[in-house]
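I have placed the structure first, in the form of structure tokens, so that the comments after it can refer back to it.
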Amino acid sequence: MKSLLALLGVLLLVLSGFLIYKGYEEYTNPKQVYGNWLEIKVLGDRRDVIRFDKRGVYRNHHLITTKFEYDGKTIRFKTGGSETIYELSGTENSPQLKRVEPAQPIQTLIKEGYEHTLNKPSALRMVPRRTPFGSGDNDDKSGE
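Its first residue numbered 1, the sequence shown is counted upward by one per residue in UniProt numbering.
Okay, structure coming up:
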């Protein structure tokens with residue numbers, strides 16, 4: 001009976017280890033970031049489109065490198081002798097990448113198809129007008 005319990009315990013440990021390994025493997029699978037990522041917070045004609053796929057990394061439809069690394073949190077690749085690093089940000093419902101290296105200029109990307117999740121400021125939002133200098137609430141002339 002003890003040997004049967006020991007065997008079940010070992011099998012449970014092996015199965016748990018396998019499931020953890022498969023979960024980590026899926027978490028770090030580069031397919032998680034495959035697709036087009038659109039730059040946000042810039043004018044439309046200046047927007048970069050970064051694409052990750054099995055062949056490499058593209059910027060605005062031009063292949064810039066054939067290799068990139070993805071560890072589940074960051075994407076790293078080298079171009080022109082310098083390293084570029086993007087960090088996953090946003091949420092599952094609004095996946096975003098924030099460039100951390102090089103730090104300037106600041107760049108944030110959103111996965112194509114999720115643009116509708118961004119908070120867009122209203123172009124017609126009314127901004128309260130300032131009152132002219134010297135004409136405030138305490139301009140009561142009745143007491144003079």
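For glycine and all other residues, C-beta sits at the position ideal for the given N, C-alpha and C.
query	result
On the three-state DSSP scale, how would you describe K41?	coil
Going by the beta-carbon positions, is the gap between E112 and L38 smaller than 8 Å?	yes
Three-state secondary structure (DSSP) at L118?	coil
Taking the straight line between their C-alpha atoms, what separation do you get for D71 and N29?	8 Å
Quick one: what does DSSP say K31 is sitting in, helix, strand or coil?	helix
Secondary structure at F52, three-state DSSP: helix, strand or coil?	strand
With a CB to CB cut of under 6 Å and the five nearest residues on each side skipped, what residues in its chain are close to F77?	V57, T65, F68 and T84
Under a three-way DSSP split, which group does I20 fall into?	helix
Would you mind working out which of L15, I40 and Q96 sits nearest E87, comparing C-alpha positions?	Q96
In three-state DSSP terms, what is G9?	helix
With burial defined as no fewer than 16 other Cβ atoms inside 10 Å of the residue's Cβ, what is the status of F18: buried or exposed?	exposed
Going by DSSP, which residues form a beta bridge with F77?	T84
Please report the distance separating the alpha-carbon of L63 from that of L7.	53 Å
From the DSSP output, read off the bridge partner residues of L101.	Correcting the residue identity first, residue 101 is Glu in this sequence and not Leu. Paired residues: I85.
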